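Working notes for the structure below.
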Amino acid sequence: MKIWTVQHTFNYPWETVVQAAWNKYPNPMNTAVLGIDVIDRQVINGELHSHRLVTTRWTLPNWACALMGPISTFYASEYSKVNRDRRQLKLDSQNLSMGPFVIVREKLTYKPHPDDPQKTLLKQTAYVTVEGLPCSGYIENILTSKISGNAAKGRQAIEWVIEKLQHKQPL
Amino acid sequence: MDECKSLKNKYDKCFNVWFRDKFLKGSNDDSVCSELLKNYTSCVKKVMKEKDIDIGEFRPFSPKISFNYEPPKDK
Numbered sequence: 624m625k626i627w628t629v630q631h632t633f634n635y636p637w638e639t640v641v642q643a644a645w646n647k648y649p650n651p652m653n654t655a656v657l658g659i660d661v662i663d664r665q666v667i668n669g670e671l672h673s674h675r676l677v678t679t680r681w682t683l684p685n686w687a688c689a690l691m692g693p694i695s696t697f698y699a700s701e702y703s704k705v706n707r708d709r710r711q712l713k714l715d716s717q718n719l720s721m722g723p724f725v726i727v728r729e730k731l732t733y734k735p736h737p738d739d740p741q742k743t744l745l746k747q748t749a750y751v752t753v754e755g756l757p758c759s760g761y762i763e764n765i766l767t768s769k770i771s772g773n774a775a776k777g778r779q780a781i782e783w784v785i786e787k788l789q790h791k792q793p794l
Numbered sequence: 022m023d024e025c026k027s028l029k030n031k032y033d034k035c036f037n038v039w040f041r042d043k044f045l046k047g048s049n050d051d052s053v054c055s056e057l058l059k060n061y062t063s064c065v066k067k068v069m070k071e072k073d074i075d076i077g078e079f080r081p082f083s084p085k086i087s088f089n090y091e092p093p094k095d096k
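If you read the sequences in order, they're chains A and B. The numbering used here numbers the first residue of the first sequence as 624 and each following residue consecutively. The numbering used here numbers the first residue of the second sequence as 22 and each following residue consecutively.
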């Protein structure tokens, strides 16, 4: 298993970043994510719980095509919780496709920056496990570097949505 | 998903306003968008069924990952 983690500070308050996070897709930076759909959402004990389906499209390298066929649409299941009192948004997702050989799990937390509550700290961790395949370690490395690249695009997308929100453009 | 796009757009519009003006300000009453949410998620679930998308065993926020290795501890 490969673990990848990163932190990023947004120069916007938590409330602004979280609103942008809901409206992150689609965006021009990360075109691999086709969209996110809500499966279930409810307020439980003052927390907003959401379960969403993430639809992604990848151009697969040849080795992956050989292993998984030419399918290029992948799905992931994402759960999230918003705690407005602690000003925290937590997301936890895992791929549904590509199993049972490949598990990609991602956890994200958005909370106020401990040194400046007007800023928001994003902590993102991905766990990539490839099992039962030749060159598992190699494949884990490739997937991890893809995730790292996509995470950077995801952060840019949040900034992009915030700009849009601040100029009151319709989302 | 394209099949539910117009229902999604209607719901998202309602949700964004509710989230900003109600939820973040302390209200737990989400009834204003509940009808739109119901219509939208019914569509999503129907398409998932048609496309055979199974949301599987994934347990959110739990320390256990469904495979037989020890999950990493959060730092």
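All residues carry an ideal CB built from backbone N, CA and C; glycine is no exception. Keep in mind that this is a model prediction, so the values were computed, not measured.
Check your understanding: What does a CB cutoff of less than 7 Å around B/Phe88 pick up in its chain, not counting 5 residues either side in sequence?
Key -> Working through the second sequence from its first residue, we reach residue 88 of chain B at position 67. Any answer about B/Phe88 is weak, because its pLDDT of 33 lies below 50 and its placement is not dependable; what the coordinates show is given next. Same-chain partners within the cutoff: there are none.
Exercise for review: Label A/Gln665 either buried or exposed according to how many other C-beta atoms from any shown protein chain fall within 10 Å of its C-beta, with 16 as the threshold for buried.
Suggested key: Against the first sequence, residue 665 of chain A aligns to sequence position 42. Exposed.
Practice item. Throw me the rounded Cβ distance for the A/Val641 and A/Val705 pair, which I believe falls under 8 Å. Key: Sequence index remark: in the first sequence, residue 641 of chain A carries index 18 (1-based). Sequence index remark: in the first sequence, residue 705 of chain A carries index 82 (1-based). Contact between A/Val641 and A/Val705 holds, with the beta-carbon distance rounding to 7 Å and staying under 8 Å.
Check your understanding: Once you ignore the five residues that flank B/Lys29 on each side, which residues in its own chain have a CB closer than 6 Å to its CB?
Key -> Residue mapping note: residue 29 of chain B aligns to position 8 of the second sequence, counting from 1. Same-chain partners within the cutoff: Tyr61.
Practice item. For A/Pro735, write down the residues that DSSP places opposite it in a beta bridge. Key: As a working mapping, residue 735 of chain A is identified with position 112 in the first sequence. Beta-bridge pairing links A/Pro735 to A/Thr743.
Review point. For the 8 Å Cβ check, are there 3 or more pairs between the segment 758 to 765 of chain A and the segment 732 to 741 of chain A?
Key: Three or more Cβ pairs closer than 8 Å define a contact, and the segment 758 to 765 of chain A falls short of that threshold against the segment 732 to 741 of chain A.
Point to revise | Exposed unless 16 or more other CB atoms sit within 10 angstroms - verdict on A/Gln789 | key: Within the first sequence, numbered from 1, the residue matching residue 789 of chain A stands at position 166. A/Gln789 is exposed by the Cβ-count criterion.
Review point. Going by Cα to Cα distance, which pick from A/Leu766, A/Glu701, A/Gln779 and A/Lys746 is closest to A/Val661?
Key: Residue mapping note: residue 661 of chain A aligns to position 38 of the first sequence, counting from 1. Considering only alpha carbons, the answer is A/Glu701.
Check your understanding: In the segment 60 to 81 of chain B, which residues sit with their C-beta less than 8 Å from some C-beta in chain A, listed in chain order?
Key -> Answer in chain order: Tyr61, Thr62, Val65, Lys66, Met69, Ile74, Asp75, Ile76, Gly77, Phe79 and Pro81.
**Study point:** Beta-carbon gap between A/Ala812 and A/Val784 smaller than 8 Å
**Key:** With chain A represented from 624 up to 794, any question about residue 812 of chain A goes unanswered, as that position is not in the structure.
Review point. Does any C-beta atom of chain A lie closer than 8 Å to the C-beta of B/Leu58?
Key: Taking the first residue of the second sequence as 1, we reach residue 58 of chain B at position 37. Taking Cβ atoms only, chain A reaches closer than 8 Å to B/Leu58, which makes this a yes.
Exercise for review: Put B/Glu78 into one of helix, strand or coil per three-state DSSP.
Suggested key: Taking the second sequence and counting its residues from 1, the one referred to as residue 78 of chain B is at position 57. Note: B/Glu78 maps to coil in three-state DSSP.
Check your understanding: Taking the alpha carbon of A/Ala695 as the point to measure from, which residue in A/Thr639, A/Trp627, A/Ala655 and A/Leu671 has its own alpha carbon closest?
Key -> If you number the first sequence from 1, residue 695 of chain A lands on position 72. The identity of residue 695 of chain A in the sequence shown is Ser, whereas the question assumes Ala. Closest option to A/Ser695, Cα to Cα, is A/Ala655.
**Study point:** Assigned exposure category for A/Arg680 - 16 Cβ within 10 Å defines buried
**Key:** Taking the first residue of the first sequence as position 1, residue 680 of chain A is located at position 57. Using a 10 angstroms sphere on the CB of A/Arg680, the tally of other CB atoms stays under 16, which defines it as exposed.
**Study point:** C-alpha distance - B/Glu71 paired with A/Leu676, whole-angstrom precision
**Key:** Stepping through the second sequence from its first residue, residue 71 of chain B is reached at position 50. Stepping through the first sequence from its first residue, residue 676 of chain A is reached at position 53. Cα to Cα, B/Glu71 sits roughly 15 Å from A/Leu676.
Point to revise | Against chain B: residues of the segment 751 to 782 of chain A by CB proximity under 9 Å | key: The segment 751 to 782 of chain A vs chain B, Cβ under 9 Å: Thr752 and Glu754.
Exercise for review: Taking A/Leu731 as the query, report the chain B residues whose CB atoms sit under 8 Å from its CB, ordered along the chain.
Suggested key: Position 108 of the first sequence, counted from the start, is the residue given in the question as residue 731 of chain A. Within 8 Å Cβ-Cβ: nothing; A/Leu731 doesn't reach chain B, min ~12 Å.
Check your understanding: Expressed to the nearest angstrom, what Euclidean distance is found between the alpha-carbon atoms of A/Val725 and A/Ile765?
Key -> Start at 1 with the first residue of the first sequence, and residue 725 of chain A comes out as number 102. Start at 1 with the first residue of the first sequence, and residue 765 of chain A comes out as number 142. Taking the straight line joining both Cα atoms gives about 12 Å.
Review point. Chain A partners of B/Asp51, CB-CB under 9 Å?
Key: In the second sequence, counting from the first residue as 1, residue 51 of chain B sits at position 30. Listed along chain A are Arg664, Gln665, Val666 and Leu671, each with a C-beta nearer than 9 Å to that of B/Asp51.
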